[in-house]
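S.K.: Structure provided below as structure tokens; questions to follow.
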Amino acid sequence: MTTNQIDAYAPAEVAAMVENAGVKKAALSTQKTLVLALLAGAFIAFGGMFFTVAITNADLGFGPTRLLGGAAFSLGLILVVLAGAELFTGNNLIVMAWASHRITTIRLLRNWMLVYVGNFIGALAMAVIVYWSGGLELGDGAVANTARDIAGAKVQLSFLEAFLRGVLCNTLVCLAVWLCVAAHSVVSKIFAILFPITAFVALGLEHSVANMYLIPVGYLAGAEGVTVMSFTANIIPVTLGNIVGGSVLVALVYWIVYLRASEAG
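Per numbering that gives the first Met the number 0, the sequence shown starts with residue 0, numbered consecutively.
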């Protein structure tokens with residue numbers, strides 16, 4: 000590994016680091032995995048809260064408002080990566096360790112299942128807490144209106160739209176994690192996260208764990224058309240798209256480029 004604390008790690012070095020991290024993540028105990036997954040769900044929910052408030056009554060115009068909201072939402076992944084937590088979308092990168100036969104398919108799926116469930120519980124709990132705390136009544140109820148609008152727009156997406164937005168979203172999320180691994184300092188890691196995450200939010204892409212907070216909190220706020228069925232109809236294609244974007248377009252592509260040759264050798 001390079002010892003230069005100014006230059007980023009080279010892509011080949013990052014690939015090896017991500018692969019090693021995947022092995023460690025897959026080996027975590029059930030208890031640690033679930034607790035860290037709960038934290039990640041809560042952290043992403045914090046980003047969702049910040050995003051909702053930031054765009055409420057914003058008079059900057061469509062593009063600048065989305066840019067502001069995306070920067071606010073970046074808080075979620077910053078907390079996940081720097082404070083330490085297990086996020087389903089980021090853990091799609093574990094596929095690199097799986098492709099190198101360093102973990103089994105069972106271990107991969109076990110991690111994803113535990114983390115997904117933990118993320119959901121953490122995000123849903125935060126939605127309930129925000130609702131009970133009266134946080135939606137900020138701005139004389141304007142934040143509740145924004146929460147309803149966000150949730151309502153998400154459940155109106157078709158299966159294909161939700162899937163493709165999920166693919167693009169987790170491509171950017173996993174690239175954010177990749178860039179963060181390449182960085183050395185806390186400040187550089189924050190900047191590595193900021194731009195890809197701001198982009199995915201500004202572009203209206205779909206993140207499964209974010210939706211585990213944003214849709215339920217909109218439901219609690221009384222959003223029309225938001226039901227358990229409509230939530231499920233959104234979360235399934237978004238999750239599948241996230242898996243394709245993170246596991247295939249980032250993890251497998253970089254595995255082929257940087258790790259497949261050494262594996263074959």
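Here a beta-carbon is modelled for each residue, glycine too, at the ideal position from N, C-alpha and C.
Which full runs of the alpha helix (DSSP H) of 4+ residues lie inside the region 176 to 248, going along the chain?
M.R.: Listed in chain order, they are 185 to 201, 207 to 219 and 227 to 242.
S.K.: Starting from the C-beta of ARG65, find all residues in its chain whose C-beta is less than 6 angstroms away, skip the five residues before and the five after it, and write them out in chain order.
M.R.: For this step, residue 65 is matched to residue 66 along the sequence shown. The residues are ALA201.
S.K.: Considering only the beta carbon of each residue, do ALA220 and ALA143 sit closer than 8 angstroms?
M.R.: Taking the sequence shown and counting its residues from 1, the one referred to as residue 220 is at position 221. Taking the sequence shown and counting its residues from 1, the one referred to as residue 143 is at position 144. Contact flag set, yes.
S.K.: If I follow the unbroken alpha helix (DSSP H) through ASN118, where does it start and stop?
M.R.: For the purposes of this step, residue 118 is identified with residue 119 of the sequence shown, where counting begins at 1. Start and end: 104 to 132.
S.K.: Given a cut-off of 8 angstroms, decide if LEU123 and MET211 are closer than it, judged by their beta-carbon atoms.
M.R.: Reading the sequence shown from its first residue, position 212 is the one you call residue 211. Reading the sequence shown from its first residue, position 124 is the one you call residue 123. Yes, these two residues count as a Cβ contact at 8 angstroms.
S.K.: At what residue ranges does the region 27 to 59 contain a whole run of the alpha helix (DSSP H), taking only runs of 4 or more?
M.R.: Counting only runs of 4 or more, we get 29 to 54.
S.K.: I need the straight-line Cα distance from PHE194 to ALA70, nearest angstrom please.
M.R.: Along the sequence shown, read from residue 1 onward, the residue named residue 194 stands at position 195. Along the sequence shown, read from residue 1 onward, the residue named residue 70 stands at position 71. Between PHE194 and ALA70, the C-alpha separation is close to 8 angstroms.
S.K.: I'd like the span of the alpha helix (DSSP H) that includes ALA84, first residue to last.
M.R.: For the purposes of this step, residue 84 is taken as the residue at position 85 of the sequence shown. Looking at the DSSP string, ALA84 is not in any alpha helix (DSSP H), and its letter there is neither H nor E.
S.K.: In whole angstroms, what separates the C-alpha of SER99 from that of LYS153?
M.R.: Here residue 99 is taken as the residue at index 100 of the sequence shown, counted from 1. Here residue 153 is taken as the residue at index 154 of the sequence shown, counted from 1. Going by the C-alpha atoms only, they are around 37 angstroms apart.
S.K.: In whole angstroms, what separates the C-alpha of GLY165 from that of ALA150?
M.R.: The residue you call residue 165 lines up with position 166 of the sequence shown. The residue you call residue 150 lines up with position 151 of the sequence shown. Approximately 16 angstroms between the Cα atoms of the pair.
S.K.: Mind the definition here: the region 174 to 183 touches the region 110 to 120 only if three or more C-beta pairs lie below 8 angstroms; say whether that holds.
M.R.: No, because fewer than three Cβ pairs between the region 174 to 183 and the region 110 to 120 fall closer than 8 angstroms, the two stretches do not touch.
S.K.: Do ILE54 and THR145 come within 8 angstroms of each other at the CB atom, strictly closer than that value?
M.R.: Counting from 1 along the sequence shown, the entry for residue 145 is found at position 146. Counting from 1 along the sequence shown, the entry for residue 54 is found at position 55. Contact: yes.
S.K.: Below 7 angstroms CB to CB, which residues in the same chain sit around ILE214 once its five sequence neighbours on both sides are set aside?
M.R.: Residue 214 sits at position 215 when you count from the first residue of the sequence shown. Cβ neighbours of ILE214 beyond the five flanking positions: ALA150, LYS153, VAL154, VAL225, PHE230 and ASN233.
S.K.: Is it the case that the Cβ atoms of GLY274 and GLY75 are separated by a distance below 8 angstroms?
M.R.: Residue 274 cannot be examined here, being either before or after the span of the chain that is shown, 0 to 264.
S.K.: The alpha helix (DSSP H) spanning LEU78 covers which residue range?
M.R.: As a position in the sequence shown, residue 78 is number 79, starting the count at 1. Taken as a continuous stretch (DSSP letters only), LEU78 belongs to no alpha helix (DSSP H), as it is neither H nor E.
S.K.: Is the Cβ-Cβ distance between GLU205 and GLY240 less than 8 angstroms?
M.R.: The sequence position of residue 205 within the sequence shown is 206, counting from 1. The sequence position of residue 240 within the sequence shown is 241, counting from 1. Yes, these two residues count as a Cβ contact at 8 angstroms.
S.K.: Comparing alpha-carbon positions, which option in GLU85, GLY89, TYR253 and ILE93 lies nearest VAL172?
M.R.: Within the sequence shown, the letter at position 173 stands for residue 172. Nearest option by C-alpha distance: GLY89.
S.K.: Taking 8 angstroms as the threshold (C-beta atoms), are GLU85 and THR29 in contact?
M.R.: Taking the sequence shown and counting its residues from 1, the one referred to as residue 29 is at position 30. Taking the sequence shown and counting its residues from 1, the one referred to as residue 85 is at position 86. No, Cβ-Cβ distance for THR29 and GLU85 is not below 8 angstroms.
S.K.: Nearest-angstrom Cα distance between ILE93 and GLY133?
M.R.: Translated into the one-based positions of the sequence shown, residue 93 becomes position 94. Translated into the one-based positions of the sequence shown, residue 133 becomes position 134. Straight-line Cα distance between these residues: approximately 38 angstroms.
S.K.: May I ask which residues mark the beginning and end of the alpha helix (DSSP H) holding ARG147?
M.R.: Looking up residue 147 in the sequence shown gives position 148. Run containing ARG147: 141 to 154, per the alpha helix (DSSP H) assignment.
S.K.: Is THR104 buried or exposed, if buried means 16 or more other CB atoms sit within 10 Å of its CB?
M.R.: As a position in the sequence shown, residue 104 is number 105, starting the count at 1. THR104 comes out exposed.
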